[in-house]
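Taking it in order: structure first as structure tokens, then the write-up.
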Amino acid sequence: MLPSGELVKFEHGQDMVLFNITGAEEDKRVFRIPTLRNLSLTAPYFHDGSAATIEEAIAIMAKVQVEKTIDPGEEVAIVAFLKSLVGEQPQIVIPILPPE
Numbered sequence: 002m003l004p005s006g007e008l009v010k011f012e013h014g015q016d017m018v019l020f021n022i023t024g025a026e027e028d029k030r031v032f033r034i035p036t037l038r039n040l041s042l043t044a045p046y047f048h049d050g051s052a053a054t055i056e057e058a059i060a061i062m063a064k065v066q067v068e069k070t071i072d073p074g075e076e077v078a079i080v081a082f083l084k085s086l087v088g089e090q091p092q093i094v095i096p097i098l099p100p101e
């Protein structure tokens, strides 16, 4: 799945979903890490859709999570890695239910 799906603090945007549910101060800006599988197919990115492209998401993650600016060569390598995680999309069949 890459990664584990754990909850982590992400100081980006205004969304406070978990905090709004629990009211616990430590849950402000805490989000579940999504799977990286098929990530390059799922724009826009982040809980609030604030990153339109995968490159923008990489730049924001670098700045917010590790206080680093990604150089163009690193960005190309990261994008290539994320695109390598694309697999067959699951087919979701929605059943047709009888009318009530």
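Each residue of the sequence shown is one higher than the one before, counting from 2 in our numbering. From the three backbone atoms N, C-alpha and C, an ideal C-beta is built for every residue, glycine too. Small disclaimer: the values here were computed from a predicted structure and weren't measured.
{"Check": "When you compare the stretch 35 to 50 with the stretch 65 to 76, are there three or more beta-carbon pairs, one atom per stretch, that lie closer than 8 Å?", "Outcome": "no"}
{"Check": "So VAL80 and GLU56 are in contact, right, with Cβ under 8 Å, and what is the actual spacing, rounded?", "Outcome": "7 Å"}
{"Check": "To the nearest angstrom, report how far apart LYS10 and VAL31 are at their CA atoms.", "Outcome": "4 Å"}
{"Check": "Just to confirm the assignment, what range does the alpha helix (DSSP H) spanning LEU19 have?", "Outcome": "18 to 23"}
{"Check": "With DSSP as the reference, label VAL31 as helix, strand or coil.", "Outcome": "strand"}
{"Check": "Give me the DSSP bridge partner(s) of VAL9.", "Outcome": "PHE32"}
{"Check": "So if DSSP puts ALA52 in a beta bridge, which residue, or which two residues, is it bridged to?", "Outcome": "TYR46"}
{"Check": "In this structure, does DSSP put ILE95 in helix, strand or coil?", "Outcome": "coil"}
{"Check": "Where GLN15 and SER85 are concerned, what is the direct C-alpha to C-alpha distance, given to the nearest angstrom?", "Outcome": "31 Å"}
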